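**Q**
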Amino acid sequence: MNILIAEDEKDIRNLIELHLSKEDFKVFEAEDGLEAISIFGSEHIDLAILDVMMPNLDGIGVIKHIREKSEIPVIFLTAKSEDHDKILGLGLGADDYMVKPFSPIELLARVNAQLRRYYKYSSGKTKSEITLGELKIDKDSCAVFKNSEPLELNAKEFKILELLMDNPGKVYTKKQLYELVWCDTYYGDDNTIMVHISHIRDKIETNPKAPKYLKTIRGIGYKMERM
1 MNILIAEDEK DIRNLIELHL SKEDFKVFEA EDGLEAISIF GSEHIDLAIL DVMMPNLDGI
61 GVIKHIREKS EIPVIFLTAK SEDHDKILGL GLGADDYMVK PFSPIELLAR VNAQLRRYYK
121 YSSGKTKSEI TLGELKIDKD SCAVFKNSEP LELNAKEFKI LELLMDNPGK VYTKKQLYEL
181 VWCDTYYGDD NTIMVHISHI RDKIETNPKA PKYLKTIRGI GYKMERM
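Read the sequence shown against the UniProt record's numbering and you will find it ends at 227, with the numbers running on by one and no gaps.
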């Protein structure tokens with residue numbers, strides 16, 4: 001999973017990154033709030049660790065931006081211990097709060113706890129419709145629409161599109177797509193995925209050669225662009 005650390009003190013960022021990387025998390029580092037917002041907008045972030053006091057834009061400003069778009073877990077770090085700062089952070093949607101100096105082992109435990117709680121909750125939610133720009137999927141009827149006009153997709157195309165639209169911004173490799181959609185072991189059959197992606201683009205894109213929605217990440221895989 002991808003973790004965003006927004007902290008202006010490099011030593012603290014390095015310490016957190018060291019412990020998270022040992023647990024196979026992919027870490028994105030920002031030294032101020034504006035850089036944090038930029039990373040959040042361009043990467044699929046599963047959890048954010050935000051310092052409250054940062055240059056350019058503080059953690060309060062960053063969480064306000066995140067909460068306009070996502071309910072991912074957010075953990076605040078601060079040198080302040082006053083109750084009103086804690087209440088302010090939690091009131092704006094922070095899920096946890098740690099006062100510096102803190103134990104990186106405890107922070108790692110809280111990261112894992114927040115991720116377990118969030119994804120257990122998310123998996124229990126049922127969304128019958130997904131909307132992305134002009135596109136809409138109705139899961140109950142397995143129907144796809146663009147500007148309210150129905151599109152004809154076969155079963156595998158529908159599953160690929162549903163997976164990608166359910167996770168906008170997240171990059172899936174060909175291996176991941178094949179194993180998740182075909183429910184079979186992937187033996188490097190790139191052509192199967194490429195043909196299905198091409199057919200989906202023909203149906204959902206105004207110009208399939210310059211796709212607006214379904215983007216190729218060269219050398220990695222595919223993703224649906226956030227709208």
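Quick reminder that beta carbons are idealized off the backbone N, C-alpha and C, glycines included.
Only a predicted model underlies this, so the values are computations on that prediction, with no experimental measurement involved.
1) Could you name the residues of the same chain whose beta carbon sits closer than 8 Å to that of Glu108, not counting the 5 residues immediately before and after it, in chain order?
2) Would you tell me roughly how many angstroms separate the C-alpha atoms of Ile37 and Ile3, rounded to the nearest one?
3) From which residue to which residue does the alpha helix (DSSP H) around Ala36 run?
4) Do Gly93 and Ile63 have their C-beta atoms closer together than 8 Å?
5) To which residues does DSSP link Ala143 through a beta bridge?
6) Out of Ser198, Tyr118, Leu214, point me to the one whose CA is closest to Gly169's CA.
7) Please say whether Leu15 and Pro104 have beta carbons closer to each other than 8 Å?
8) Please state whether the Cβ-Cβ distance between Gly33 and Asp11 is less than 8 Å.
9) On the CB-based measure, 16 or more other CB atoms within 10 Å of its CB, does Tyr119 come out buried or exposed?
10) Considering only C-alpha positions, which residue in the set Ala30, Thr192, Gln114, Pro208 is nearest to Tyr178?
11) My output table needs one value for Arg201: the three-state DSSP class, helix, strand or coil.
12) Measure the alpha-carbon distance for Gln176 versus Gly61 and round it to whole angstroms.
13) In whole angstroms, what separates the C-alpha of Glu29 from that of Glu152?
**A** So, from the data block:
1) Note on identity: in this sequence residue 108 is Leu, with Glu being the wrong assignment. So the qualifying residues of the chain are His19, Leu20, Glu23.
2) 13 Å
3) 33 to 42
4) yes
5) Asp138
6) Leu214
7) yes
8) no
9) exposed
10) Thr192
11) helix
12) 35 Å
13) 42 Å
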